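Numbering of the sequence shown is given in my numbering, commencing with residue 101 and proceeding in unit increments.
Below is one structure, written out as C-alpha cells, with a few remarks after it.
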Amino acid sequence: MTRPFDNRLQPIGSKPDDKLKRLIDRLEAEHVLSKEEFVALIGGRTPELGEYLFEKARRIRQEHYGNDVYLRGLIEFTNYCKNDCYYCGIRRSNSRASRYRLTKEQILACCEEGYSLGFRTFVLQGGEDGYYTDGLLVGIIKDIKARYPDCALTLSIGERSYESYKALYDAGADRYLLRHETADPEHYSRLHPPSLTLEARKKCLSDLKDIGYEVGSGFMVGSPGQTPEQLAEDLLFLHELQPQMVGIGPFIPHHDTPFASEQSGTAELTLFLIGLIRLMLPAVLLPATTALGTIDPLGREKGILAGANVVMPNLSPREVRDKYLLYDNKICTGDEAAECRRCLEGRISGIGYRIVVDRGDSKLAKEDVKSRGGRKCTM
Ligand code: SAM
Ligand code: FES
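Now the structure itself:
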C-alpha cells in the first residue's frame, strides 16, 4: 500500500537528478508523461528542479499570454449548501456557519463595481443551494449579460443535471468551474460522504463539455490521505479532459469540519504542480488561487512565477465575505473590492507582469472555437 506523504517534509536531496530534468524536457516536448514518471518528478523534486521547471513554465506562458495576467471577479453569492464535503467550511453540517444569500440586485451591484474596476469576467460561485432554481439563475445570467455584453460569465455552483447546465448556457453563461477534487475513487470517498461520487462528478464535466462551456477543473493539493500516485492520476485526468482552465490550491483545514486537525497542503508542492500543469497544458488558464495566497503571503506572486496567468480577487459585498469561509484564515475577507484590486495590481506589477482589462479567454478556445454556436469539445 502507498503511504500518504507527509506534508511537513521538505523535498529530500539537494542535487536534482539529471534524469528528472530530462523528464521535464520530455513533458515540455510531448505534453504528457506516464504515471510512474509523474510520481518520480513529484517524489524527487528539489528546489533546484523546481527552478528548472518554473523557468520553462514562464517561457511557455509568455509564448501564449505574454506578461498579461487576467482578472476574474469572484462573487460568492450563497454559502448555503446541501452537500457535506468533509473538507469544506460551508458544508451542510456546519451549524456554526452564518448563512447568507445575495439577491439579484446585490449580484448586479457587485458586477457594476467590478466593471468599473476593470473586471471583464464575473464568476458566480456558491454552495449547491436549491433556492437558486434554473428560472432564478437564468434571470440573473440574462441580466448580467444584457448589461455587460463584453464580459464573460463563469458559473461555479457544483453538480446539476444536463438540462440545468444547458438552460444556464443558453441564457448566456460562458464558462463553468467544477474541480474533480481527486481522480482516485477511493480517495474521493475519503473526502466526501457516500452521496457524492467521482463518477457523478465526471459525468457533470462531460455534460458541460458537450454543451459547449469552457470548462475548468482541478483539485486540492495535500488533502488528507493524498499520495503522489493520486496526484499523478490527477494530472493524467486533466490531460484527458483537456480543460480550458485548471484551478489548484492547497487544502487548508477549517476548524468546524471533520478535517479540522488535518495538516494543510504546502505552497511548495502546489507551485511545483502549477509548473507541471503549464508544461502539460501550455495554453491553459491557470489561476494563482486565494488558498495559495492564504498559505503563503507571497503565494499568488510565486504562482504567477511558476506559470499561472490568472488571479481571482473577491467582488463579494464586504459584509458577507467572512461568511464564505471554506477554510481558516482566508485572506482579503475584510477588504473592499477596490482595495483588493489595487493590492493585486501592485503585487503583479512588482514581479514584472501586468493585469489587463480583458475577458481573458483561453487561447485554446479562441483558436478552436470560432463562434459560440459552434462550441464543441470532446473529452
Ligand atoms: N459548490 C461548488 C463546487 O462544489 O464546485 C463551488 C464551491 S466549492 C466551495 C469551491 C472549491 O473550494 C472546491 O472545489 C474545493 O476544491 C475548494 N475548497 C473547499 N474547501 C476547501 C479547503 N478546506 N481548503 C482548500 N480548498 C477548499
Ligand atoms: Fe458545498 Fe462546500 S460542501 S460548497
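The beta-carbon is built from N, C-alpha and C at its ideal position, and this holds for glycine as well.
All of these numbers come straight from a predicted model, not from anything done at the bench.
**Q.** Nearest-angstrom Cα separation, counted from residue 167 out to residue 363
**A.** 34 Å
Q: Quick one: give me the first and last residue of the alpha helix (DSSP H) that residue 134 is part of.
A: Taken as a continuous stretch (DSSP letters only), residue 134 belongs to no alpha helix (DSSP H), as it is neither H nor E.
Q | Those residues which DSSP pairs with residue 265 across a bridge | A | Under DSSP, residue 265 forms no beta bridge with any residue.
Q.
Looking at the ligand SAM, does it come within less than 8 Å of residue 232, judged from the CB to the closest heavy atom?
A. no
Q: Could you check which residue in 148, 392, 418, 274 has the C-alpha nearest to that of residue 86?
A: With the chain covering 101 to 479 only, the question about residue 86 has no answer from this structure.
Q) What distance in whole Å lies between the Cβ atoms of residue 180 and residue 199, which are believed to be in contact at a cut-off of 8 Å? A) 5 Å
(Q) Less than 9 Å between the C-beta atoms of residue 387 and residue 406, yes or no? (A) no
Q. Touching or not, the segment 381 to 399 and the segment 356 to 371, by the rule of three or more beta carbon pairs under 8 Å?
A. yes
Q: Answer with buried or exposed for residue 103, where buried requires no fewer than 16 other C-beta atoms within 10 angstroms of its C-beta.
A: Reliability of the predicted coordinates at residue 103 is poor, the pLDDT of 46 falling under 50, and no value is obtained from them.
Q: State the DSSP-derived secondary structure class of residue 286, mapped to helix, strand or coil.
A: helix
(Q) When you measure from the CB of residue 421 to every non-hydrogen atom of the ligand FES, does any distance come out below 8 Å? (A) no
(Q) I'd like to check one pair, residue 315 with residue 341: are the Cβ atoms closer than 9 Å? (A) With a cutoff of 9 Å on beta-carbon distance, residue 341 and residue 315 are scored as near each other.
Q.
Using a Cβ-Cβ cutoff of less than 6 Å, which residues in the same chain neighbour residue 150 once the five nearest sequence positions on both sides are dropped?
A. Answer for residue 150: 372, listed in chain order.
Q) From residue 254 to residue 244, what does the alpha carbon distance come to, in whole angstroms? A) Spanning the two alpha carbons is a distance of roughly 11 Å.
(Q) Measuring CB atoms only, is the segment 324 to 339 touching the segment 253 to 270, in the sense that at least three cross pairs come out at less than 8 Å? (A) no
Q: Compute the Euclidean distance between the alpha carbons of residue 261 and residue 223, then round it to the nearest angstrom.
A: 20 Å
Q: Compute the minimum distance between the beta carbon of residue 191 and the heavy atoms of the ligand FES, and state whether it is under 8 Å.
A: yes
Q: Assuming residue 437 contacts residue 189 (C-beta within less than 8 Å), just tell me the rounded distance between them.
A: Not a contact, Cβ separation roughly 22 Å.
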